[in-house]
Structure formats: C-alpha cells, structure tokens
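Undergrad: Sharing a structure below in structure tokens format, with a few things to ask.
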Amino acid sequence: MSTIHDFLRGTIDKGEIPSATYIIGTSAQILEKGTLGQLGQGRAAVREDTLYDLASVTKPIVALAAMKLLQNGQIALDDTVATYLDEYRNTTKSDITIYQLLTHTSKIYGCVPLYKTAHTKEELLEAIVDMPDREKNDVLYSSQGIIVLGCIIEKICGKPLDQVLKEMIFEPLAMNTTMFNPPERLFGNIASTEYCQWRQRMIIGEVHDENAVVLGGVCGHAGLFSNIFDLAKLCVAMLTAKTARGDSFLSPAVCKLMTQNHTADLNLARGLGWQAKDKHGSPAGDLFSETSYGHTGFTGTSVWIDPSRDLYAVLLTNRVHPSRANEHIFKIRRKFHNLAVILSESQAIG
C-alpha cells in the first residue's frame, strides 16, 4: 500500500474519520487514487464513485459560473448587488459588489444560523437583506454572501442555479455525477453525514447545511454532491482551461484573475471564489506552492490545485459522521496535501 493510503487507513483505524476517497493527479494523468472505510455506521464500504456532500466546495463551482458570465461580458466585478436584485435597492447593502462577494470582503456577516428563524426560502433571503452590516473591510468568510451571488447568477441567466451549473460547467466538463438534491435511487452510494438534531434523523443524500435545507438544497454556498472523478475533471479544467472536448473553458486571463490572491494585504488569502494559500495554517499544508488555491467543505471535503507543480489533490471524507464534534480533519488535510506533493515529486524523479 502507498504512504497516503496507509496514512488515511491509520486515521480511520483511530476513529478520526469514518471514510475517505481521494485522487491525486496532474493535467495529464492520475498519480494515485484510493478508497477507505464505510459509507456510514453499519453501511457498505465506500467505492471510487461514492458521492459525498461537498458542503462549501460548492462555492468555487458557483463562482466559476460567475467567472463565465464575466468572460462573456454579462457581469463586471464592480457591479453592485442592487444592479440585479431589487430587494437590495435603497438598503445599506446596495453598494456591495460582486468582487466583494467573491473575496468574502463584503459587509455581509457569515455563518449565521438563519434557518432557526427563517422557515422558507423567501424568509431566509429576506433575512440576509435585514442582517446588520459589519464595518470591517477585512476577509470574513460569508456563506450568506455566496447565497446572494447565487441569486444574482440566477437573475442574470433567468434559470435556477442547478440548471445554470449543469449547462455552464457540468456538461462541458462531463461532470455527469455532480448534482444538487440527488435522487433517492442514489442514496445507497452516498456517504452518511450527521445525525441532525434539527431534522431528528441521520442525513444521507440530503444537504447537511441547515440554511441550504431551507433554500431547497439548491443555493450558492452548499448543496452539491460529487465524487473524486468529477472533481478531478474540474481540477484538470482549471489547470488546462479546457473542457472535456478540448474546447476553451476559461480564458487564461480569466483563470489567472480568478485564482490569484486578491487579499494579500488582509487577514486571509482569497481568490475569486477560491481560497488562496495562507502563509500559516493553510489546509494545503506546507509543500503546495504559494500560487496554489483550493477550497474546503465543512463535511470533510477538499480540493486543492497547484498550477506551478501541475498538480491537484482531492480528498472527500464524511468527518461529520455521526457528529460534527470532530476536528481531526484539519491536521489530516495538511498531512494529506504534504504527502500528495511528495508523491508528485517521487513520480517526477522516477
């Protein structure tokens, strides 16, 4: 067995995560892939095509749709939310820009459990408008901000967000098993997440994020389910700017704009929809280059891409199963990414 497989097996044996699927590769080939553990307590073993709740790894995929609109001249980064969403006109949030939403530098707070008081999609979206504004101009990770971005994309395209992503991203990249709200027939190969006290049941095949539940499972900040193969296709597209057919996916200029660090002088490193690599404590570990970028998800998922090394690493776990009271994933991710770089260097030497 490989060093990476042995490492992840050890984390499962110690009860730090219940399962993992992973894939590491370059724009030209897969270097290593593997599966370990069970879908959930008392369930079958995970497979290479097992679907995981991506949680916030949804965000950069939604941001890709925004960048496609930018490339097509349908939006500008300095456009304000009030340009597209009438409910923001004549409010204190009217001047928030798409750039601020993408870099998490807007005045919209994040990680607010709006589902506790908002019981419908309409109520939750209205609650975001009515939230108090934050005054600092630093980076504050805001799921609510990306919810707003998703609404803007829907307004511009005149279609639900799931349909927009299917047409703009999933079909061109042949990401055929990436979706919101997977049908029940697929539940037998979807990793369990958490026993949800709010819903009073173990969650399998439903979005884990509670705000996303109120939004119907289709929204900008969370809700996508996918597997390692589809996410590898996404990574290769980011490394090559090409679709599955070899057509242009993103122009080199737009790809560079999206993935560079836009907040180098602030508290956290952010691209446009992506996390850039922080100097200290990055989930990408110590060996991924300073130009690398990626995103993590609360459920235990992550995607990281290093254009300098022509390398990507995808790790999908359901670390919140059976409970979110488990923070081992932070050190696991860093070690996994360090081992991914070591693997790529050994392959290059070999």
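For what it's worth, my numbering labels the leading residue of the sequence shown as 14, then goes sequentially.
Cβ atoms here follow ideal geometry from the backbone N, Cα and C, with glycine treated the same way.
#1: Would you report the Cα separation of residue 131 and residue 227, rounded to the nearest angstrom?
#2: Drop a sphere of 10 angstroms on the beta-carbon of residue 198, count the other beta-carbons inside from all chains shown, and report buried for 16 or more, exposed for fewer.
#3: When you compare only the Cα positions, how much space is there between residue 107 and residue 95?
#4: Restricting to runs no shorter than 4 residues, where is the alpha helix (DSSP H) found entirely within the region 236-306?
#5: What residue does the alpha helix (DSSP H) around residue 89 start on, and which one ends it?
#6: Taking 7 Å as the limit between beta carbons, can you name the residues of its chain near residue 211, skipping five residues before and five after?
#7: Residue ranges of each alpha helix (DSSP H) run of no fewer than 4 residues wholly in the region 99-155, ordered along the chain?
#8: Does the distance from the C-beta atom of residue 188 to that of residue 246 stay below 8 Å?
#9: Could you say which of 42, 99, 114, 293 lies nearest to residue 89 if we only look at CA atoms?
#10: Whole angstroms is fine: what's the gap from residue 307's alpha carbon to residue 315's?
#11: What's the C-alpha gap between residue 93 and residue 278?
#12: Please look up how many angstroms separate the CB atoms of residue 52 and residue 59, rounded, as I've assumed it's under 8 Å.
#13: Where does the unbroken alpha helix (DSSP H) through residue 227 begin, and where does it stop?
#14: Counting C-beta neighbours from all protein chains within 10 Å, is the total for residue 63 16 or more, i.e. buried, or is it exposed?
#15: Report the residue from 178, 143, 123, 174 whose alpha carbon sits nearest the alpha carbon of residue 151.
#16: Tell me the DSSP secondary structure of residue 169 in three-state form.
#17: Report yes if the CB atom of residue 46 is closer than 8 Å to the CB atom of residue 30, and no otherwise.
#18: Could you compute how far the alpha carbon of residue 83 sits from the alpha carbon of residue 22?
#19: In the DSSP assignment, what residue or residues form a beta bridge with residue 324?
#20: Find the nearest neighbour of residue 309 within the set 329, 353, 269, 358, judged by alpha-carbon distance.
#21: Could you check how far apart the C-beta atoms of residue 332 and residue 318 are, in whole angstroms? I think they sit under 8 Å.
#22: Can you look up residue 367 in the DSSP assignment and give me helix, strand or coil?
#23: Give the DSSP-derived three-state secondary structure of residue 18 in the structure shown.
#24: At which residues does the beta strand (DSSP E) containing residue 34 begin and terminate?
#25: Since residue 43 is in the beta strand (DSSP E), which residue starts that stretch and which ends it?
#26: Residue 215 by DSSP, collapsed to three states: which one?
#27: Can you tell which of 203, 143, 97, 146 has the C-alpha that lies nearest to the C-alpha of residue 168?
#28: With burial defined as no fewer than 16 other Cβ atoms inside 10 Å of the residue's Cβ, what is the status of residue 145: buried or exposed?
#29: Expressed to the nearest angstrom, what Euclidean distance is found between the alpha-carbon atoms of residue 119 and residue 272?
#30: Mapping DSSP to helix, strand and coil, what is residue 187?
#31: Measure the Cβ-Cβ separation of residue 352 and residue 16 and say whether it is below 8 Å.
#32: Could you round the C-beta distance between residue 238 and residue 203 to whole angstroms and report it? I think they count as a contact, below 8 Å.
#33: Going straight from the alpha carbon of residue 296 to that of residue 253, what length do you get?
#34: By how many angstroms is the C-alpha of residue 105 removed from the C-alpha of residue 289?
#35: DSSP state of residue 200, grouped into three classes?
TA: In this structure, then:
#1: 8 Å
#2: exposed
#3: 5 Å
#4: 241-253, 265-272
#5: That residue, residue 89, is in no alpha helix (DSSP H); it is neither H nor E in DSSP.
#6: 223
#7: 111-116, 134-143
#8: yes
#9: 114
#10: 7 Å
#11: 23 Å
#12: 6 Å
#13: 223-227
#14: buried
#15: 123
#16: helix
#17: no
#18: 43 Å
#19: 319
#20: 329
#21: 21 Å between Cβ atoms; not a contact.
#22: Residue 367 is absent from the structure shown; the chain starts at 14 and stops at 363.
#23: helix
#24: 32-38
#25: 43-50
#26: strand
#27: 97
#28: exposed
#29: 19 Å
#30: coil
#31: yes
#32: 7 Å
#33: 23 Å
#34: 29 Å
#35: helix
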